[in-house]
Structure formats: C-alpha cells, structure tokens
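The sequence shown begins at 174 in the working numbering and counts up by one.
Reading through the structure tokens given below for one structure.
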Amino acid sequence: MKNKALSTFAVTLSAVVLVMSPGIAQADELVNEYSVSNGADGYNSTLTLEYDAPISKTEAAKEVKEIVGEAGPATISPQAGKVAVRKCNVMFSQKDSKGNMSIQHKCKSSKSPWGFTLNKNLQKVITSKVDENGMSAKVNGKDLGKQADHNVAKNYFFHGTFTSKDNQTIDWRDTFKFKVKGKSKITTLTIGGRVKFTA
Numbered sequence: 174m175k176n177k178a179l180s181t182f183a184v185t186l187s188a189v190v191l192v193m194s195p196g197i198a199q200a201d202e203l204v205n206e207y208s209v210s211n212g213a214d215g216y217n218s219t220l221t222l223e224y225d226a227p228i229s230k231t232e233a234a235k236e237v238k239e240i241v242g243e244a245g246p247a248t249i250s251p252q253a254g255k256v257a258v259r260k261c262n263v264m265f266s267q268k269d270s271k272g273n274m275s276i277q278h279k280c281k282s283s284k285s286p287w288g289f290t291l292n293k294n295l296q297k298v299i300t301s302k303v304d305e306n307g308m309s310a311k312v313n314g315k316d317l318g319k320q321a322d323h324n325v326a327k328n329y330f331f332h333g334t335f336t337s338k339d340n341q342t343i344d345w346r347d348t349f350k351f352k353v354k355g356k357s358k359i360t361t362l363t364i365g366g367r368v369k370f371t372a
C-alpha cells in the first residue's frame, strides 16, 4: 500500500551575524550553521550543516541545495507532528531527499522491525563514515532506551526492532553525523516520527 505524503521544508538559522557597511543598509547575513527540515505524515527529518567560521546565508543555502536538492524556506506540515496510523501487516514507509524510513508490524506480534537508508544522492556527497547515535524510542510513553550505535559506510542499511504490540504508539528518533563535500565541518541528520499499527 502506497503512502502519499505531504512534504514541506523549513530552514532554521542560528548564530546569525549581520554585516553592515557605510552607505549600505544590510549585506548578506552570516551563519554558523544552516538547517533544512522536511515534514510528512508521521515522519520528520532535519539536516544541519555546521561551520568552523561564519558563512553567508546565501552560500550556506547553496551548499544545502547542492547536497539535498532543496534550500527552503517554508513551513513544516502539521501532519509531521501527528501519529501516522497504519493497519497491522501494512508497512509504514516515508522517503525524502535525506533517506528512506520503514517500519513493519505483523498483527498480534510484539515486535516492529524498522530500517533506514540514506538517500543515494546524499550518499554521493558524503566523504566519511557515518556515525549513528543509535535509535531511541518510547512506546505508549514507556522509554525503550537506545539501540546499538554504529560507525559504518554511507550505504549501510540501518535496522533494528521496536518492542510494541497492536494499537500502541511508537515515538522514535535517531541521529547521524558525517562529513560532506563543501565548507562545513560536520553534517548532522536527525530523523524521528510517530506511528501506530492498529489491529
């Protein structure tokens, strides 16, 4: 069953410095980091580029667009913060410019396997191994703790299992760090979402 997702983008800026010159109202802003976020049904992702020294907002946006094909700005869809509801035996799957996330749950089972891969276009610009923090989750508000972390190749299939039953809500989150082509010192990808499989 195909899931039609509404995807939107948002840009967040931090450590903004205004460059002023005599006779000029305001030049381009400088930023120490630049983020682009996607929001869809039960899924959200944020890619953040961090810099050793301030970089112009225009240049940072250009770098992000070259990496993931989008630079914003826009707003996150309200669906991104809501629980995605699927029937058991129907896979939850969301794909954006950063990666592809899927979760499965067999009816009457107490396990929900998940898997995530980085988008192939993003893989092309990654110049290092990928450090995964380790998937963390809560099920109906109960903390399941953190799953294994990894330091692996960029094409690795990240995977694991949530302990959850029919009609329980899985609230999950994971973080990945790596280097990409360009001026940024480190890139962080955070993914997360909420899903419930009904009987």
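For each residue, glycine too, the CB sits at the ideal point set by N, CA and C.
- Apart from the 5 residues on each side of it in sequence, C261 sits with its Cβ closer than 7 angstroms to the Cβ of H278, K279, C280, D339, F370, T371 and A372 in its chain, given in chain order.
- Bounds of any alpha helix (DSSP H) do not take in E243, whose DSSP letter is neither H nor E.
- Under the DSSP assignment, Q267 falls in the beta strand (DSSP E) whose first and last residues are F265 to K268.
- DSSP places K293 in no beta strand (DSSP E) but in the uninterrupted alpha helix (DSSP H) bounded by K293 to Q296.
- Apart from sequence neighbours up to five positions away, the residues of its chain that approach N273 with a beta-carbon distance below 6 angstroms are T290, ordered along the chain.
- Secondary structure at E202: coil, using DSSP grouped into helix, strand and coil.
- One alpha carbon belongs to S210, the other to S282, and they sit about 33 angstroms apart.
- The straight-line gap separating the alpha-carbon atoms of L220 and A326 is approximately 18 angstroms.
- Taking all protein chains in view, the Cβ of G212 is crowded by 16 or more other Cβ atoms within 10 Å, so the residue is classified as buried.
- For K311, the secondary structure class from DSSP, reduced to helix, strand or coil, is strand.
- For S218, the enclosing beta strand (DSSP E) starts and ends at Y216 to S229.
- For K235, the three-state secondary structure derived from DSSP is helix.
- Among the bridge pairs identified by DSSP, T300 is matched with none.
- By alpha-carbon distance to V298, the top candidate from T334, Y216 and K352 is K352.
- Per the coordinates, the alpha-carbon of K319 lies some 32 angstroms from the alpha-carbon of K356.
- Taking C-beta atoms as the reference points, F335 and H323 fail to come closer than 8 angstroms.
- For I359, same chain residues with a beta-carbon under 7 angstroms away, outside a window of 5 residues either side, are E223, K350 and K352 in chain order.
- DSSP, reduced to helix, strand and coil, places D322 outside both helices and strands of the structure shown, so it counts as coil.
- Here the alpha carbons of A234 and L362 stand approximately 16 angstroms from one another.
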